[in-house]
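Trainee: First the structure, then my questions, so here it is.
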Amino acid sequence: MTFIDFIHKYMSVLDRIRSTKEWLPVDFQGEPHIVTPRYAKSNEVEQLDEKCFRINTTETAWGGVMWAGIGLFGLIAGVLPSGWGLLNEFGIVGSYNNDPLWLSIFFIIFIASFTFLPLPAILLSFVYPFKRPKERLLIWDRENGTVTLPPRFWGEHEVVPFNELKVKKIRNLGSFVQFHVLAAFRPSDGQPIEFGLLGDNEKDWAFFCWYMDKTRPLPPGEVFDPYRERDEERRRTFLQTLPPANIQQAG
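Our numbering applies: residue 1 is where the sequence shown begins, and numbers increase by one.
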């Protein structure tokens, strides 16, 4: 087992706690989020037209430094004091205590959990700045009906047919306001890749389902206006290739 495989298994325990139970349908229809021109021109959006929605989620150099800083803080504030307390409980350092056996066992388990459980995450925070991918792209390919998912930490991008995409809402550990975020799970390693636009999960998912449905016109919003005529020509051609039952359903 490689280090990254171990990290994936380690994180999957937390992911199971964070994940909601239900998978979201890829044919979900609802009121979609309207993409604004300001967002479409932001640095993270590399392409947004009738063919592809290409989002650059590459971590900056400062992001790597932040990871290392979090790891150093966790080591100094959590692991080292807990480790010292564990050694003291065993009498390796300091004087041996005469606590009852049950109390000693409780303290050993409690302190050991703070000493050893965070170690993989802390080690990851030191390794990640050097292993992080040079480019992390999340690509919604409307033309080919696929989604390209970046690695969670490092590794290869993965292309998934949209109709096979597994998406759930998971708890957002980084915010006390937005309690859930959307996450697409990579088939190869089961790792969740978080995504979204505005933070309204239903509207965001409705937008992506609409955008990826080639039987429908482009979603509402002025950012798509320059491409509507060309997309409508493509749509008419595409509908002609479908069986009559599918055309009626699409209409």
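Just so it is clear, CB atoms sit at the ideal spot from N, CA and C, and this is done for glycine as well.
Note that the structure is a prediction, hence the values are computed from the model and not measured.
Secondary structure at N56, three-state DSSP: helix, strand or coil?
Mentor: In the structure shown, N56 sits in a strand (DSSP, three-state: E or B).
Trainee: Tell me, please, whether the stretch 36–55 touches the stretch 151–168 by the rule of three or more beta-carbon pairs shorter than 8 Å.
Mentor: In short, these stretches do not touch, since the Cβ pair count stays below three.
Trainee: Exposed or buried, what is G196 when buried is set at 16 or more other beta-carbons lying within 10 Å of its beta-carbon?
Mentor: Buried is the call here.
Trainee: Counting only the same chain and skipping the five closest in sequence on each side, list residues whose C-beta sits under 6 Å from that of T58.
Mentor: Here the set comprises E135 and R136.
Trainee: So what does D141 bridge to, in DSSP terms?
Mentor: DSSP output for D141 lists C52 and T146 as bridge partner(s).
Trainee: Just verifying my parser: in three-state terms, what is the DSSP assignment at S19?
Mentor: Residue state, collapsed to three classes: strand.
Trainee: Skipping 5 residues on each side, what residues in its chain have a beta carbon closer than 7 Å to that of P219?
Mentor: Only P32, F207, W210 and Y211 meet the Cβ criterion.
Trainee: What does DSSP give as the partner residues of Q47 in its beta bridges?
Mentor: BP columns for Q47 point to R54.
Trainee: Got a sec, what are the start and stop residues for the beta strand (DSSP E) K203 sits in?
Mentor: Premise fails: K203 lies in the alpha helix (DSSP H), N201 to M212, not in any beta strand (DSSP E).
Trainee: Do E202 and C52 have their C-beta atoms closer together than 8 Å?
Mentor: No.
Trainee: Look at the alpha carbon of K166 and the alpha carbon of L198, and state the distance between them as a whole number of angstroms.
Mentor: When rounded, the distance between both Cα atoms is 20 Å.
Trainee: Just the Cα atoms here: how many angstroms apart are D225 and A184?
Mentor: Whole-angstrom Cα-Cα distance: 28 Å.
Trainee: Could you give the residue range of the alpha helix (DSSP H) that holds K169?
Mentor: Here K169 belongs to no alpha helix (DSSP H); instead the beta strand (DSSP E) covers K166 to R171.
Trainee: Taking the DSSP output, what are the residues bridged to H157?
Mentor: For H157, which the question treats as bridged, DSSP gives no partner whatsoever.
Trainee: Can you tell me whether DSSP reads H180 as helix, strand or coil?
Mentor: Correct three-state label for H180: strand.
Trainee: Return the chain-ordered list of same chain residues with a C-beta closer than 8 Å to the C-beta of H8, the five sequence neighbours on each side being excluded.
Mentor: Counting only Cβ-Cβ distances below 8 Å, and skipping sequence neighbours, we find R152, D189, G190 and Q191.
Trainee: According to DSSP, I7 sits in a beta bridge with which residue or residues?
Mentor: For I7, which the question treats as bridged, DSSP gives no partner whatsoever.
Trainee: I need the straight-line Cα distance from R16 to T146, nearest angstrom please.
Mentor: C-alpha separation (whole angstroms): 26 Å.
Trainee: Check the C-beta distance from G162 over to V26 and give it rounded, since I have them as a contact under 8 Å.
Mentor: The sequence given here has Phe at residue 162, not Gly. Contact holds; Cβ gap of about 6 Å.
Trainee: Going by other Cβ atoms of all chains shown within 10 Å of its Cβ, with 16 needed for buried, is L14 buried or exposed?
Mentor: When all chains shown are included, L14 counts as exposed.
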